[in-house]
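Novice: Residue numbering for the sequence shown follows UniProt numbering, starting at 1 and increasing by one per position. Even for Gly, the Cβ is constructed at its ideal location relative to N, Cα and C. Here the structure is a predicted model, which means the values were calculated and not measured. Below you'll find the structure I mean.
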Amino acid sequence: MYSQMKVLFLTLVEIHSIDERGIYQDLLRKFRDEGHDVTIVTPIERRRRIPTRIESKNGVTILKVKTFNIQKTNVVEKAIGTLAIEHQYIWAIKKHLSNIRFDLILYSTPPITFASVVDFVRKRDKARTYLLLKDIFPQNAVDMDMIKEGSIIHRYFLRKEKTLYQISDTIGCMSPANLDYVLRHNPEIVPEKLEVNPNTIEPISFMYSADEKNEIRGKYSIPEDKKVLVYGGNLGKPQGLDFLMETITATEDDKIFFLVVGNGTEFSKIKQWFDINEPVNARLLQRLPKDDYDRLLAACDVGLIFLDKKFLIPNFPSRLLSYLEMAKPVIAATDPNTDIGDIIEQARCGYKVLAGDQIAMQTAIYRLLYVDDLQEMAENAVKLLRAEYLVEKSYRLIKRRCGNV
1 MYSQMKVLFL TLVEIHSIDE RGIYQDLLRK FRDEGHDVTI VTPIERRRRI PTRIESKNGV
61 TILKVKTFNI QKTNVVEKAI GTLAIEHQYI WAIKKHLSNI RFDLILYSTP PITFASVVDF
121 VRKRDKARTY LLLKDIFPQN AVDMDMIKEG SIIHRYFLRK EKTLYQISDT IGCMSPANLD
181 YVLRHNPEIV PEKLEVNPNT IEPISFMYSA DEKNEIRGKY SIPEDKKVLV YGGNLGKPQG
241 LDFLMETITA TEDDKIFFLV VGNGTEFSKI KQWFDINEPV NARLLQRLPK DDYDRLLAAC
301 DVGLIFLDKK FLIPNFPSRL LSYLEMAKPV IAATDPNTDI GDIIEQARCG YKVLAGDQIA
361 MQTAIYRLLY VDDLQEMAEN AVKLLRAEYL VEKSYRLIKR RCGNV
């Protein structure tokens, strides 16, 4: 019989409420609903001018730690903030959570710089530790030419990565390719320490009539009579979005329309491209509130995933879950190392394309819209979500590993 646990979740994501929707919020809400005592440690950047504070909300405790600006700031402050955050977290935990003994520490990458925080609480409380591996750093930064391989900073972060893996009782990887990569490049890790624990969500259903979908499209000036292929999410270098713009240019079928929604370091570059080229078959929107984005996504036809072809690590973007949740077939244009495209094709809910291969991209679009039964593909998308990516799965895996306390 599993006992109820005191769970500590460490994150760089700003979490304001357990009732927000997201892969971490959904998982923590599941722990709360199963009767566990959940505490979240989350950053609150100094630009907000709010001091470190602790609050109880919707059945969980949230410790908001004042940090340097880490997101959307200059490289120097981002670097300082990333290095300083573990000391700020340890100080806040000592001050505000000294009277709580945790049974389980959950944490995700990024960042890898939580190793000292995890180790401090682990030793203090004799707690179990579970890493949700969402990002393989620093290799991803090397792939994107952000860090030089073999440099001092690269070697520093490699040591941090090794330490984080070493102090983790269990490492949950997003996919089989993810797990295989970690084992190949970290032979000192006991294989039994790793398991596949993918991104998971608690899905909601959006059932709109054709008229309602047209009304939603009209709100954003999206044609009602075209098949809409949507890319939603981060617009950054890892996505290799030049290929998205090449695809918009190469697609001459006037029954197809592209929608790009998001924010990120490449947004201004993409907006400039839209301003100069004024494509008649595409529209760019800045990031929308989650509920508005979900409604807009429900009114589209196909979801798009892009990853830079230079990646050596097998990424597995969480935006796949949003597409599956909204019953959207998917085209994944990626590097050859990720298995996200293989999983989509095996489930018969989309196609994989090697990033940069425009002929293959146009073939995938044509097959999906003119050869396949789009409704059947949409149903298969939902089946894949329910078979592999429900939050119950992640919760069950973590409890099996860490529930006997």
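Give me the Cβ distance between residue 305 and residue 317, rounded to the nearest whole Å; I'm assuming they're in contact under 8 Å.
Specialist: Residue 305 to residue 317, Cβ: 6 Å. Contact.
Novice: Between residue 398 and residue 214, what straight-line distance do the alpha-carbon atoms span, to the nearest angstrom?
Specialist: 42 Å
Novice: Could you tell me which of 158, 283, 312 sits nearest to residue 177, measuring between CA atoms?
Specialist: 312
Novice: Under 8 Å, do residue 321 and residue 395 count as touching if we go by C-beta distance?
Specialist: no
Novice: Rounded to whole angstroms, what is the Cα-Cα separation between residue 119 and residue 91?
Specialist: 14 Å
Novice: Between residue 274 and residue 297, what straight-line distance do the alpha-carbon atoms span, to the nearest angstrom?
Specialist: 21 Å
Novice: For a quick check, are the C-beta atoms of residue 23 and residue 249 less than 8 Å apart?
Specialist: no
Novice: Does residue 173 come out as helix, strand or coil in the three-state DSSP assignment?
Specialist: strand
Novice: Starting from residue 274 and walking both ways along the alpha helix (DSSP H), at which residues does that stretch end?
Specialist: 267-277
Novice: Excluding the 5 residues preceding and the 5 following residue 138 in the sequence, name in chain order all residues of the same chain whose CB lies nearer than 6 Å to its CB.
Specialist: 147, 154, 157
Novice: Among 150, 149, 165, which one has its Cα closest to the Cα of residue 135?
Specialist: 165
Novice: Going by DSSP in three states, residue 301 sits in which element: helix, strand or coil?
Specialist: coil
Novice: For a test of the three-state rule: what should DSSP assign to residue 385, helix, strand or coil?
Specialist: helix
Novice: Helix, strand or coil for residue 155 per DSSP?
Specialist: helix
Novice: With DSSP collapsed to three states, give me the class of residue 13.
Specialist: coil
Novice: Quick check: the Cα distance between residue 80 and residue 232, rounded to an integer number of angstroms?
Specialist: 30 Å
Novice: Tell me which residue opens and which closes the beta strand (DSSP E) that residue 355 is part of.
Specialist: Premise fails: residue 355 is in no beta strand (DSSP E) and is neither H nor E.
Novice: If we count the other Cβ atoms within 10 Å of its Cβ and call it buried at 16 or more, is residue 370 buried or exposed?
Specialist: With fewer than 16 Cβ atoms within 10 Å of its Cβ, residue 370 is classed as exposed.
Novice: Mind checking which residues open and close the beta strand (DSSP E) that includes residue 120?
Specialist: Unbroken run through residue 120 is the alpha helix (DSSP H), 115-125; no beta strand (DSSP E).
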